[in-house]
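Asker: Each residue of the sequence shown is one higher than the last, beginning at 2 in my numbering.
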Amino acid sequence: MAGVQTAFRVEAVRFAVGERTLLGPVSLELERARVYGLIGHNGSGKSTLIKLLARQQPASEGAISFAERPLAGWSARELARALAYLPQTTPAATGLTVRELAALGRYPWHGALGRFGHEDRRHVEEALALTDMAGFADRLVDELSGGERQRVALARVLVRDRPVLLLDEPFASLGPALRDDMLDLLASVHAERQMTVLFVTHQPEDARRIGQDMVFLDNHTVAATGTAANFFDASGPDGFRRYVGMDPAKGRRA
Numbered sequence: 002m003a004g005v006q007t008a009f010r011v012e013a014v015r016f017a018v019g020e021r022t023l024l025g026p027v028s029l030e031l032e033r034a035r036v037y038g039l040i041g042h043n044g045s046g047k048s049t050l051i052k053l054l055a056r057q058q059p060a061s062e063g064a065i066s067f068a069e070r071p072l073a074g075w076s077a078r079e080l081a082r083a084l085a086y087l088p089q090t091t092p093a094a095t096g097l098t099v100r101e102l103a104a105l106g107r108y109p110w111h112g113a114l115g116r117f118g119h120e121d122r123r124h125v126e127e128a129l130a131l132t133d134m135a136g137f138a139d140r141l142v143d144e145l146s147g148g149e150r151q152r153v154a155l156a157r158v159l160v161r162d163r164p165v166l167l168l169d170e171p172f173a174s175l176g177p178a179l180r181d182d183m184l185d186l187l188a189s190v191h192a193e194r195q196m197t198v199l200f201v202t203h204q205p206e207d208a209r210r211i212g213q214d215m216v217f218l219d220n221h222t223v224a225a226t227g228t229a230a231n232f233f234d235a236s237g238p239d240g241f242r243r244y245v246g247m248d249p250a251k252g253r254r255a
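#1: On the DSSP bridge list, what partners appear for D169?
#2: Taking just the CA atoms, how far does R122 sit from T95?
#3: Hey, could you find the ends of the alpha helix (DSSP H) G148 is sitting in?
#4: Please report the straight-line C-alpha distance between L1 and L179, rounded to a whole angstrom.
#5: What whole-angstrom Cβ distance do G63 and A17 have, given they're in contact under 8 Å?
#6: Specify the secondary structure class of A17 as computed by DSSP and reduced to three states.
#7: Which one or two residues does DSSP pair with S66 in a beta bridge?
#8: Relative to the C-alpha of R157, which candidate in V11, A85, L141, A173 has its C-alpha closest?
#9: Taking only the alpha-carbon atoms, compute the straight-line gap between A154 and E20 and give it to the nearest angstrom.
#10: Taking Cβ positions, are D139 and R100 nearer each other than 9 Å?
#11: For the alpha helix (DSSP H) that contains T49, what are its first and last residues?
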């Protein structure tokens, strides 16, 4: 993605199931190497949007470009090497060690029958170190705490060293302290690798903690976008201020 300035361009995209519209129409542009917080009420379309960007489901209408190419034109392997997606729930890892689970993230480079080489091992060890899980590498995933499992899940998507990371409420099940730790870790990863990060959260303060930019969905469409600083200012978008319970006159929570 060298020289590419736009990570995603979404143009008049709509997603529907039968007669029911779950998202859209949405038009949006995400720049590369930025951290975006995607927020909104339950049912506003956050998970639907991130699934469309990750090509987990096709849009009913409109067009999505990734790295200035039509998203539909990327092969599955190309896309897996360029984009990492962490859903709300991850598959069970019964019987796998931390290192083995993280290593599964290297699949797009060697396939099911390919040889796991030195470069693969290097990426695995780097991801475990980056997520502070190197000391747990030989532990069974089943034995880990919730916070430790979240770190391994993040390590699994980081082993590919891809430029774009999409996270769908990755830390929703964690308590405030563990969630803050994971957010700080995500900020550290972004600073080190200059990845484009889009993460879904129900907590505006999470987006404020590490997000550089905000995307606010309301009623299945983009209600507002802008810098995190502007969103939390007294002059921020009216809909967003109502969402977070902010007193518009004082620029803080009512």
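Glycine residues also receive a C-beta, built at the ideal position from the N, C-alpha and C atoms. Fair warning: this is a prediction, and the values are worked out from it, not measured in the lab.
Answerer: Here's the rundown:
#1: V201
#2: 21 Å
#3: 147-159
#4: Any property of residue 1 remains undetermined from this structure, which presents the chain solely from 2 to 255.
#5: At roughly 11 Å, the Cβ-Cβ gap does not stay under 8 Å, so G63 and A17 are not in contact.
#6: strand
#7: R10, P71
#8: The residue with the shortest Cα to Cα distance from R157 is A85.
#9: So the alpha carbons of these two residues sit roughly 36 Å apart.
#10: yes
#11: Segment 47-54, the alpha helix (DSSP H) holding T49.
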